[in-house]
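**Student:** So that we are looking at the same thing, I have put the structure below in structure tokens.
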Amino acid sequence: MRGAVLLLLALLLPAAALAQADKAPVKGPGAAKEGDLVAVKGQEFRLFGIDAPDKGQTCVNVRGQQYDCHALSTRILSLLINNREIECTPRGQSPAAGPKLAICRAENGDDLAYAMVERGMALAYRPLSFDYVSIEARAISFRRGLWGGRVEPPWLWRSRQTEQKLDEMRKPKNAGGQ
14 MRGAVLLLLA LLLPAAALAQ ADKAPVKGPG AAKEGDLVAV KGQEFRLFGI DAPDKGQTCV
74 NVRGQQYDCH ALSTRILSLL INNREIECTP RGQSPAAGPK LAICRAENGD DLAYAMVERG
134 MALAYRPLSF DYVSIEARAI SFRRGLWGGR VEPPWLWRSR QTEQKLDEMR KPKNAGGQ
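Each number in this note's numbering corresponds to the 1-based position in the sequence shown with 13 added.
And the structure:
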């Protein structure tokens with residue numbers, strides 16, 4: 014009986030250690046991959062509680078001109094990180110089984126997600142968290158960043174893109190060139 018208990022412990026301890034390692038902070042030089050995605054030591058982390066414009070998404074500035082808001086959002090996060098060391102503490106997995114969700118902080122302790130929402134470069138992602146809603150409200154009231162013009166919430170933009178692709182697939186093929 015004692016042998017079975019020791020065997021069970023030997024099997025469970027590595028799993029527990031892996032689960033703990035999965036939640037351990039990762040610290041090192043950071044790089045912005047998107048407006049809400051960073052890389053640290055070869056690992057990618059999605060900033061917890063926010064959503065930034067996706068690749069291909071455009072916004073409209075105060076003059077009514079379209080611009081690549083994905084590129085702008087990514088650039089601002091890159092400037093915030095500026096190749097300095099950041100620390101990301103995992104908070105779970107992205108719903109789409111993408112990169113781990115994490116709270117990431119700059120060397121000075123600043124929460125990168127907070128900084129992005131405060132500058133109007135990302136939106137509070139309410140389906141996941143209400144942590145940044147009040148900061149977003151302030152950014153909207155001061156018309157900071159993306160809020161200076163028109164921005165479609167990234168989750169709605171993605172949904173619309175998916176629907177358009179499905180509509181294209183549903184269209185009947187032109188039979189015989191008629």
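Positions of the beta carbon are idealized from the N, C-alpha and C atoms, including for glycine.
If you're wondering where the values come from, they're calculated on a predicted model, not measured in any experiment.
Roughly how many whole angstroms lie between the Cα atoms of Ile-99 and Val-130?
**Tutor:** Along the sequence shown, read from residue 1 onward, the residue named residue 99 stands at position 86. Along the sequence shown, read from residue 1 onward, the residue named residue 130 stands at position 117. Whole-angstrom Cα-Cα distance: 18 Å.
**Student:** For the stretch 87-139, which segments carrying the alpha helix (DSSP H) assignment without a break, of at least 4 residues, lie completely within its bounds, in sequence order?
**Tutor:** 125-131
**Student:** Just how far apart, CA to CA, sit Ser-91 and Val-75?
**Tutor:** As a working mapping, residue 91 is identified with position 78 in the sequence shown. As a working mapping, residue 75 is identified with position 62 in the sequence shown. Roughly 24 Å between the two C-alpha positions.
**Student:** Please confirm whether Pro-112 and Lys-36 have their CB atoms less than 8 Å apart.
**Tutor:** Against the sequence shown, residue 112 aligns to sequence position 99. Against the sequence shown, residue 36 aligns to sequence position 23. Cβ distance not < 8 Å, so Pro-112 and Lys-36 don't count as in contact.
**Student:** Can you tell me where the beta strand (DSSP E) holding Arg-50 begins and where it ends?
**Tutor:** For the purposes of this step, residue 50 is taken as residue 37 along the sequence shown, with counting starting at 1. Residue 50 is actually Leu in this sequence, not Arg. Per DSSP, Leu-50 belongs to the beta strand (DSSP E) from 50-53.
**Student:** Pick out whichever of Asp-81, Ser-154, Arg-157 has its Cα sitting closest to the Cα of Gln-70.
**Tutor:** The count along the sequence shown starts at 1 and reaches residue 70 at position 57. If we check each option's Cα against that of Gln-70, Asp-81 comes out closest.
**Student:** Is DSSP giving Val-75 helix, strand or coil here?
**Tutor:** Counting from one through the sequence shown, the residue named residue 75 turns up at place 62. Correct three-state label for Val-75: coil.
**Student:** From this set, Met-182, Lys-68, Asp-64, Arg-88, which residue's C-alpha is nearest Tyr-145's C-alpha?
**Tutor:** Position 132 of the sequence shown holds residue 145. Nearest C-alpha to Tyr-145: Asp-64.
**Student:** Please report how far the alpha carbon of Met-182 lies from the alpha carbon of Trp-170, in whole angstroms.
**Tutor:** Within the sequence shown, residue 182 is the residue found at index 169, counting from 1. Within the sequence shown, residue 170 is the residue found at index 157, counting from 1. Each residue's CA atom was taken as its position, placing Met-182 and Trp-170 some 19 Å apart.
**Student:** Between which two residues does the alpha helix (DSSP H) harbouring Val-146 extend?
**Tutor:** Locating residue 146 in the sequence shown gives position 133, counting from the first residue. The continuous alpha helix (DSSP H) containing Val-146 extends over residues 146-154.
**Student:** What number of angstroms, rounded off, separates the C-alpha of Ala-150 from the C-alpha of Pro-185?
**Tutor:** In the sequence shown, residue 150 corresponds to position 137, counting from 1. In the sequence shown, residue 185 corresponds to position 172, counting from 1. Their Cα atoms are separated by approximately 45 Å.
**Student:** Give me the residue from Gln-56, Leu-179, Ile-153, Trp-160 with the minimum Cα distance to Cys-101.
**Tutor:** Sequence index remark: in the sequence shown, residue 101 carries index 88 (1-based). Looking at the Cα atoms, Gln-56 is the closest of the given residues.
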